[in-house]
Each structure stands twice: as C-alpha cells, then as structure tokens.
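S.K.:
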Amino acid sequence: MAVLFDPFREFDRGATRQGPRRMPIDLYRDGDHYVLTADLPGIDPGSVDVDIDGQLLTVRAERTPRSQEGVKWLARERQGGTYLRQLTLGQGIDTAAISANYDNGVLSVVIPVSEQAKPRKVEVTANAAPAASVEVAAS
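In the UniProt record's numbering, the protein residues as written are 1 to 139.
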C-alpha cells in the first residue's frame, strides 16, 4: 500500500485578524531538507522566536513601533505588533536538527528530513537454485 508522505499536514494554523499578524512565507524542499523563509523586515532579531513543541513549529516575532513625540504623522502603514506562523510538522522530520537564521529582514528555517524518511534503495537478492546434474550415457 502506498502512503503519501506529507510532512506539513495542516500546513497553516496561523493567526486570525483579531490576533497576531501573519508573516508571508515560502516553503520548498531542497534535497533532504525543507526550507521555510519568512519576510520580517524591520524586526529586531532579538524578538524572533522559533519554537518546536512536539510536531508544532511556531515562528513568532515582534515589531515595536517607533514612537516619536511631537511629530505629525502623514502616513503610518508600518504597524507594530506580534507576527505569528504555526506549522504542524508531519512524521519524517528531524525536529532536533532544525536550525534558523535571520539576515536582512528574512528568517530562514532549515527543516531536515529524518534518516528514516529519506528515500533509499532496497537491495534485491535471489536464491540460487542448486545446479541440476545432467549425466550423459555413453552409447
């Protein structure tokens, strides 16, 4: 029986409009690992938090609005607040080896596939039948 391997079932259990804001992400597989990239411009790297609880991966970050007293805002579209993304990791992920890096406003999370879930070649052996002896009678 063939089973479809989906390590990110229930892909998103992110925030609602009333709660934390969602961050845009890209997710792709590159060989034996998945790469999640999230746009987090203007975020203090110290506020970025990546947690793993069982099979739940949570990415949270905080943007603190800059307060400038005495200014008259003409436009203020860059909102402060909490940004949140959650992904349910399926079986076959090496959660102990997940790593994250924040560079130039982009968070990259590398999610390796576990050794047990990697494709592998199965060797096929054959049982050799004993050679039959053929005797030829001399005439």
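Virtual Cβ for every residue (Gly too), placed ideally from N, Cα, C.
Please read these numbers as outputs of a predicted model, since none were measured by experiment.
Let me know if Arg78 comes out buried or exposed under the rule of 16 or more other beta-carbons within 10 Å of its beta-carbon.
M.R.: Classification of Arg78: exposed, given that the 10 Å Cβ count is below 16.
S.K.: What's the gap between the Cα of Arg66 and the Cα of Val110?
M.R.: Between Arg66 and Val110, the C-alpha separation is close to 31 Å.
S.K.: How many angstroms separate the CA atom of Glu62 from the CA atom of Leu84?
M.R.: Approximately 9 Å between the Cα atoms of the pair.
S.K.: Can you tell me whether Ile98 sits near the ligand MN, meaning its C-beta is under 7 Å from at least one heavy atom of the ligand?
M.R.: The ligand MN is absent from the structure shown, which contains no ligand whatsoever.
S.K.: Going by C-alpha distance, which of Thr82, Thr125, Gln55 is nearest Thr64?
M.R.: Comparing Cα positions, the closest option is Thr82.
S.K.: With distances taken Cα to Cα, identify the nearest neighbour of Ile93 among Gly54, Arg29, Val59, Pro112.
M.R.: Of the listed residues, the one whose Cα sits closest to Ile93 is Pro112.
S.K.: Starting from the Cα of Gly59, find the closest Cα among Val48, Pro41, Pro119 and give me that residue.
M.R.: In the sequence as presented, Gly is not what sits at residue 59; that position holds Val. Looking at the Cα atoms, Val48 is the closest of the given residues.
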